[in-house]
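Trainee:
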Ligand code: SAM
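Numbering (the working numbering), first residue to last: 227 to 454.
(1) Alpha carbon to alpha carbon, what distance is there between residue 290 and residue 273?
(2) Would you say the stretch 306-313 touches the stretch 250-262, given that touching needs at least three Cβ pairs under 8 Å?
(3) So, are the CB atoms of residue 239 and residue 416 less than 8 Å apart?
(4) Would you identify the three-state DSSP class for residue 330, choosing helix, strand or coil?
(5) Secondary structure at residue 336, three-state DSSP: helix, strand or coil?
(6) Distance, Cα to Cα, residue 377 vs residue 351?
(7) Under 7 Å from any heavy atom of ligand 3, does the C-beta of residue 343 make it?
(8) For the stretch 250-331, list the beta strand (DSSP E) runs that are entirely contained and at least 3 residues long, ordered along the chain.
(9) Given a cut-off of 8 Å on the beta-carbon distance, is the pair residue 424 and residue 410 in contact?
(10) Do residue 321 and residue 305 count as a contact pair if the criterion is CB distance below 8 Å?
(11) Could you compute how far the alpha carbon of residue 397 sits from the alpha carbon of residue 354?
(12) Note down the Cα distance separating residue 347 from residue 341, rounded to an integer number of angstroms.
(13) Measuring only the C-alpha atoms, how far is residue 295 from residue 333?
(14) Out of 408, 441, 442 and 418, which has the shortest C-alpha to C-alpha gap to residue 430?
(15) Evaluate residue 440 with the Cβ neighbour count: other Cβ atoms within 10 Å of its Cβ, from every protein chain shown; 16 or more gives buried, anything less gives exposed.
(16) With residue 387 and residue 444 assumed to form a contact (beta carbons below 8 Å), what rounded beta-carbon distance in angstroms separates them?
(17) If I follow the unbroken alpha helix (DSSP H) through residue 223, where does it start and stop?
(18) Does any heavy atom of ligand 1 sit closer than 7 Å to the C-beta of residue 415?
(19) Going by beta carbon distance, what residues of the same chain come within less than 6 Å of residue 227, once the five residues before and after it are set aside?
(20) DSSP beta-bridge partners for residue 348?
(21) I'd like the list of long-range same chain contacts for residue 412, defined as Cβ closer than 6 Å, with 5 residues on each side in sequence excluded.
(22) How many angstroms separate the CA atom of residue 246 from the CA atom of residue 338?
(23) For a quick check, are the C-beta atoms of residue 384 and residue 446 less than 8 Å apart?
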């Protein structure tokens with residue numbers, strides 16, 4: 227039976243790849259990559275020489291059909307994204323769904339777990355993360371007000387992804403709604419300039435602005451608990 231591996235890859239530090247991820251990348255006949263140039267660096271580093279196929283959120287249905295055909299021919303396929311776990315704010319879920327619809331039990335879908343910015347920030351939160359709300363990227367234009375209302379209304383900590391271009395705008399919008407809210411921000415996690423900011427959101431904004439706002443960011447916000 228053909229195998230379809232959904233493989234998590236590092237979010238920065240290549241040492242975070244798992245043995246199993248490497249083994250499955252080697253077992254695949256083709257590797258689907260979000261951006262083939264980005265993934266080629268990872269594949270070169272681990273000396274994995276396999277044909278790559280680009281697959282991203284705007285891929286056409288014909289691309290999906292040709293992937294399904296390859297599986298029907300008995301080829302093993304691996305899906306990776308630019309970083310982290312496919313399917314978490316990354317392409318993957320739609321393809322998995324279409325493969326299940328087309329091939330049902332005739333394909334083995336195999337998750338290869340590993341790094342994700344979501345789990346990485348949760349692990350160092352230092353607050354209870356037994357329950358949390360993950361909302362991914364805030365909308366860039368329409369729907370921002372409703373989105374941030376949901377953030378501050380949440381009774382659980384909220385995890386967000388944000389780009390370096392919008393991190394300050396996003397934190398300021400949250401601060402306007404609740405000046406007491408606390409933030410834990412992970413910047414460039416697992417990389418050379420890894421920085422973790424913690425505290426009241428205004429202080430966190432100040433520190434990030436001082437550090438010149440470069441890199442990738444993942445954010446946890448939590449309403450101040452007045453009962454403490
Ligand atoms: N699927 C990925 C995962 O499992 O982490 C997330 C992909 S999403 C397109 C990319 C976003 O994840 C970035 O904009 C940033 O918000 C967050 N991210 C990825 N790598 C990160 C890192 N090393 N440090 C902090 N945030 C990161």
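Cβ atoms here follow ideal geometry from the backbone N, Cα and C, with glycine treated the same way. All values reported here derive from a predicted model rather than from experimental measurement.
Mentor: So, to answer that:
(1) So the alpha carbons of these two residues sit roughly 27 Å apart.
(2) Taking 8 Å as the limit for Cβ pairs, the verdict is that the stretch 250-262 does touch the stretch 306-313.
(3) In this structure, residue 416 lies closer than 8 Å to residue 239 by Cβ.
(4) When DSSP states are grouped into helix, strand and coil, residue 330 belongs to the helix group.
(5) In the structure shown, the three-state DSSP call for residue 336 is strand.
(6) So the alpha carbons of these two residues sit roughly 17 Å apart.
(7) Absence of ligand 3 from the depicted structure is noted, with ligand 1 being the only ligands included.
(8) Correct list: 256-259, 278-280 and 303-306.
(9) Against a cut-off of 8 Å, the Cβ pair of residue 410 and residue 424 comes out as a contact.
(10) Yes; because the gap between Cβ atoms is below 8 Å, this pair is in contact.
(11) Cα atoms of residue 397 and residue 354: separation of roughly 21 Å, rounded to the nearest angstrom.
(12) Computed Cα separation, rounded: 11 Å.
(13) Rounded to whole angstroms, the gap between the alpha carbons of residue 295 and residue 333 is 12 Å.
(14) The candidate whose alpha carbon is nearest that of residue 430 is 408.
(15) Per the 10 Å Cβ criterion, exposed.
(16) The C-beta distance from residue 387 to residue 444 rounds to 6 Å, short enough to fall under 8 Å.
(17) Absent from the model: residue 223. The displayed extent of the chain is 227 to 454, so no value can be given.
(18) Yes, the Cβ of residue 415 comes within 7 Å of a heavy atom of ligand 1.
(19) Taken in chain order, the residues that qualify are 334.
(20) Looking at the DSSP assignment, residue 348 forms no beta bridge with any residue, so it has no partner.
(21) So the qualifying residues of the chain are 347, 422 and 444.
(22) If you take the alpha carbons of residue 246 and residue 338, they lie about 7 Å apart.
(23) Taking 8 Å as the Cβ cut-off, residue 384 and residue 446 qualify as a contacting pair.
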